[in-house]
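Presented below is the structure to which this report refers.
In this note's numbering, the protein residues as written are 436 to 700.
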């Protein structure tokens with residue numbers, strides 16, 4: 436616990452030291468309202484990951500879109516350090532062995548968006564190791580590894596209308612017209628239950644399947660939205676971090692969180 440506290444303090448101190456430079460950068464960029472266009476800015480872990488929590492901090496029915504979004508993130512990151520032959524093959528990203536050297540590009544081929552001339556190979560290798568850890572952590576913590584996540588992506592209209600998997604329902608004029616009016620990641624439950632199923636009353640099993648899918652949550656949207664960049668702050672964060680009262684009960688609750696998690700498992 437002591438070592439963890441020291442590490443946290445080091446991180447905080449470093450953050451405080453670089454914060455003035457970050458503020459200056461934001462102030463210089465803001466008047467132009469234009470993001471930098473250099474390769475080093477475009478190729479960023481944050482740029483790859485940021486859209487996902489922003490999109491899914493919503494109370495809409497978004498579960499069918501989780502698989503496609505996570506898969507896209509994994510492919511984007513892996514394309515920088517995994518060989519094109521492996522990325523272009525039918526190997527499923529969740530089962531790809533990132534420790535096998537044959538799957539990884541040589542250091543001088545790894546895409547980092549930088550033209551450094553000093554210690555280039557060593558730096559590129561460090562970037563590759565960081566991306567490997569990132570992908571492994573995503574696979575470990577995200578639902579991408581579960582078959583259910585991929586299976587329920589069939590409710591995504593873009594997936595349902597693919598020739599390889601669609602049936603007569605998804606090939607109908609009613610479905611085609613409804614897709615045109617559906618906004619990206621809009622009210623998907625209304626799309627299926629009202630626009631589609633009411634036109635095909637003879638389908639008995641699909642409504643039951645959809646209702647079971649609808650109750651699956653894609654995350655704690657109401658809580659996570661408080662930390663979002665999309666300005667939808669919850670009320671208890673408006674006062675600033677200085678106004679948060681850290682009681683003994685709250686400290687004990689945080690310390691025992693992992694124990695409660697293990698107990699539930």
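Idealized CB from N, CA, C, for every residue including glycine.
Nothing here was measured: the structure is a model prediction, and the numbers come from that model.
Residue 539 has 517 as its beta-bridge partners, per DSSP.
Judged by beta-carbon spacing, residue 570 lies beyond the 9 Å limit of residue 545, meaning their Cβ atoms are not closer than that value. By the neighbour-count criterion, in which 16 or more other beta carbons inside 10 Å mark a residue as buried, residue 646 falls on the exposed side. The closest CA to that of residue 532, considering only 542, 516 and 600, is found on 516. With fewer than three CB-CB distances shorter than 8 Å, the segment 593–603 does not count as touching the segment 573–580.
Annotation: residue 531 is outside any alpha helix (DSSP H) and is labelled neither H nor E by DSSP.
Residue 652 sits in coil when the DSSP states are folded into three classes, being neither helix nor strand. Residue burial is scored here from C-beta neighbours: residue 460 has fewer than 16 other C-beta atoms within 10 angstroms and is therefore classed as exposed. When DSSP states are grouped into helix, strand and coil, residue 680 belongs to the coil group.
In this structure, the CA atom of residue 513 is about 16 Å from the CA atom of residue 502. Inclusion of residue 635 and residue 609 in the CB contact set at 9 Å is warranted, their separation being smaller than that value.
Taken through DSSP and simplified to helix, strand or coil, residue 605 comes out as coil. Residue 630 sits in a helix when the DSSP states are folded into three classes.
When rounded, the separation of the alpha-carbon atoms in residue 648 and residue 585 is 12 Å. Nearest to residue 483 by alpha-carbon distance, out of 455, 507 and 642, is 507. Within the same chain, Cβ atoms closer than 6 Å to the Cβ of residue 542 are found at 556, 559 and 560, the five residues on either side in sequence being excluded. Linking residue 535 to residue 528 through their CA atoms gives a straight-line distance of about 14 Å. In this structure, DSSP gives residue 455 a helical state, which the three-state scheme calls helix. A residue is called buried once 16 or more other Cβ atoms fall within 10 Å of its Cβ, and residue 588 is buried on that count.
In the DSSP assignment, residue 583 falls within the unbroken alpha helix (DSSP H) covering 582–586. Secondary structure at residue 496: coil, using DSSP grouped into helix, strand and coil.
Per DSSP, the continuous alpha helix (DSSP H) segment holding residue 487 begins and ends at 486–491.
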